[in-house]
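Numbering (the numbering used here), first residue to last: 429 to 1196.
A quick write-up on the structure given underneath.
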């Protein structure tokens, strides 16, 4: 990713773990974390949370609704809504960027000319929570207005998981006074009109006072995508309002004000149904958005909440359950929720580093999607992961053109992608050179395509979509590698994940990625009965992967001189590339590079350190220490959202979330996907009571893995029997006959390091 760090700061020093008691396998969940995250103060380190349904995302400020600027602005997002400003005074802006949509959650309360706002005078008993089971953000408070009137208010905001085009807001308030009150519904374009650059323009707006409906249509500059937001209000029978149009001249905004009398002690309810449609999904976005709002109002709040909850419940059936460590379990719950909030089945826009929480990193798609987020979706929700593959397939022609224009064959995918498949990294290349050199993204994309086939076994998909991408990537690497006088193939002029050392030769991550692409494409050809070029195997077998035997490690690139590295690079050879090497060499890579990894880098380095150490059965508590280091310094306050680095960066950082979740899916379980079986090699430390991986998916089967402190139980819950590869051999898993495997306990393995499992601390400035 770019070296530019964008958003906010997070607090640093965090003490780490304490032991927990063992929990018997198969017992009822104990300490499996909270699904209701609550803030009791909008001050201090509070940062607003967000909720999404994979099409829409909305960040909810302390007031419980509306737009708020600040370090973490309360933006509203729509998947795929990219604009482009040409000839901007700042050249870095001349790329496709995902534009905000107007804030649709605005539903303000006022009395006697005073408007409720948080932070603000007279606010007490404030409380805000997010329900991870439903995606509902709830805010409650008591407000004493300047005239002494006290009102109890409650807001609920959600994006409907059952309907990707629907947002919902409800205000309930109880005045302890009698007199006139005002509630204002607005679709607020402030986030759009104050953006730099401004990416949208207003097309039209309108009102239907009798129906209590208003709407606004905006369009992206440069790309001409239209989006309409239509709001319809529904009021409780005791609300007898006079309705007035508002925001008649405010650019990209529209609103309606309801003024009505209230009586002390009565509760009043105003519900807002918002339809959001774009011209990418509907030929007439206005008609479609209005229809969504009207239909939602006719269905009603309670019925919509029921459908929304059912949709979320379906997702939670495939989840990670951590036992015996409540803090860790809660952070896993939150991480799953935030990642799911930014993706859905049938929405083929992939996931940017901040997902639908903001337009961070311009909403661009990087290697982050395939390498860090995708595997965490693939294991339990391949239908969600499929959209990332579809996104790349839909931009294959641009990747082919990119390869051609840069002098190669096949398909070369861009480092940053947005609306289309052209390179969208901001200029100048003297600052952001990744688009020139960080070509490993083509291998990362190819790996994801092959992993999808390994998990689903879908040959129709492989033939129609996977193979074109895989073969294009393989052809690119075959043309990219050059035969040297040493009889080996070399790849020069590249940058690996370690972006602090750019434009190098024989970068080991890149070379292994190219090798694996050629091998996987050859395997895909065999699965389809196609003859792959023999040169693919020839090149793969002879690509240089240098080893320093004296130091027992892989040099990161030709001429590497022990430089500090930005983030995991060489350590990624073990996972996800599964590059075969002797255990001592794998240990050597970890021991060499972990202390040389920049502590100001992102969290995923320690996620990989955990997965590698778990696979190697490193004695002691190294695995759990890396787990703590991979999330504790990056989690922000009560809503458990990741920041990009220990001191700030993109927020909410889906890339870090994806790496964190992979620790449980592929680290502690030792799970790897194969064409003929699933590999499991479970391990655990005493600081975690147990881990349950619910509803894992493999080729039409569903199975659950329960990792206990002495043994692991694998149960087939649906589908035909299949083979599980274990450390003691391959075993058949059938319905009603669970497999019982030994759980490795590296913390109980003798070690010369007597403090390996003692109490430790880690801070934001500690290196590996």
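From the three backbone atoms N, C-alpha and C, an ideal C-beta is built for every residue, glycine too.
For residue 1143, the three-state secondary structure derived from DSSP is strand. Under DSSP, residue 1071 shares a beta bridge with 1079.
Between residue 502 and residue 531, the CB-CB gap stays under 8 Å. Going by C-alpha positions, residue 610 is about 24 Å away from residue 564. Residue environment for residue 712: exposed (fewer than 16 other C-beta atoms within 10 angstroms of its C-beta). The Cβ-Cβ distance between residue 738 and residue 701 does not fall below 8 Å. A distance of 8 Å or more separates the beta carbons of residue 1086 and residue 1062. In this structure, the alpha-carbon of residue 857 lies about 24 Å from that of residue 987. Within a 10 Å sphere around the beta-carbon of residue 518 sit fewer than 16 other beta-carbons, which makes this residue exposed. Under the 8 Å Cβ criterion, the stretch 1064 to 1074 counts as touching the stretch 464 to 475, having at least three qualifying pairs. Annotation for residue 896: the continuous alpha helix (DSSP H) segment containing it runs 895 to 908. Taken through DSSP and simplified to helix, strand or coil, residue 734 comes out as helix.
Going by C-alpha positions, residue 1154 is about 22 Å away from residue 1013. DSSP lists 1107, 1158 as the bridge partner or partners of residue 1153. Fully enclosed alpha helix (DSSP H) runs of no fewer than 4 residues occupy 618 to 621 of the stretch 580 to 643, in order along the chain. Non-local C-beta neighbours of residue 841 in its own chain, meaning closer than 6 Å and more than five positions away in sequence, comprise 827, 869, 870, 873, ordered along the chain. Selection 920, 914, 667 evaluated against residue 907 yields 920 as nearest (Cα-Cα).
When C-alpha distances from residue 855 are compared across 464, 488, 512, 520, the shortest belongs to 520.
Non-local C-beta neighbours of residue 959 in its own chain, meaning closer than 8 Å and more than five positions away in sequence, comprise 953, ordered along the chain. Counting the other Cβ atoms within 10 Å of the Cβ of residue 470 gives 16 or more, which makes it buried. For residue 1016, the enclosing alpha helix (DSSP H) covers residues 1011 to 1021. Counting C-beta pairs closer than 8 Å gives three or more between the stretch 505 to 516 and the stretch 785 to 797, which meets the contact rule. Contact annotation: residue 485 and residue 769 have beta-carbon atoms nearer than 8 Å. DSSP places residue 1126 within a strand segment (E or B) once states are collapsed to three. The C-alpha of residue 592 is placed about 36 Å away from the C-alpha of residue 1038. Judged by their CB atoms, residue 973 and residue 940 are nearer to each other than the 8 Å cut-off. Residue pairing by DSSP puts residue 700 in a beta bridge opposite 597, 661.
Among the bridge pairs identified by DSSP, residue 917 is matched with 911, 971. Under the three-state reduction of DSSP output, residue 655 falls in the strand class.
The closest CA to that of residue 557, considering only 526, 1125, 487, 513, is found on 487. The three-state secondary structure of residue 1039, taken from DSSP, is helix. Rounded to whole angstroms, the gap between the alpha carbons of residue 489 and residue 528 is 16 Å. The Cβ-Cβ distance between residue 1145 and residue 1169 does not fall below 8 Å. Under the three-state reduction of DSSP, residue 578 is assigned to strand.
Remark: C-beta atoms of residue 779 and residue 797 approach each other more closely than 8 Å. Residue 1003 is a Cβ neighbour of residue 1036, given a cutoff of 8 Å.
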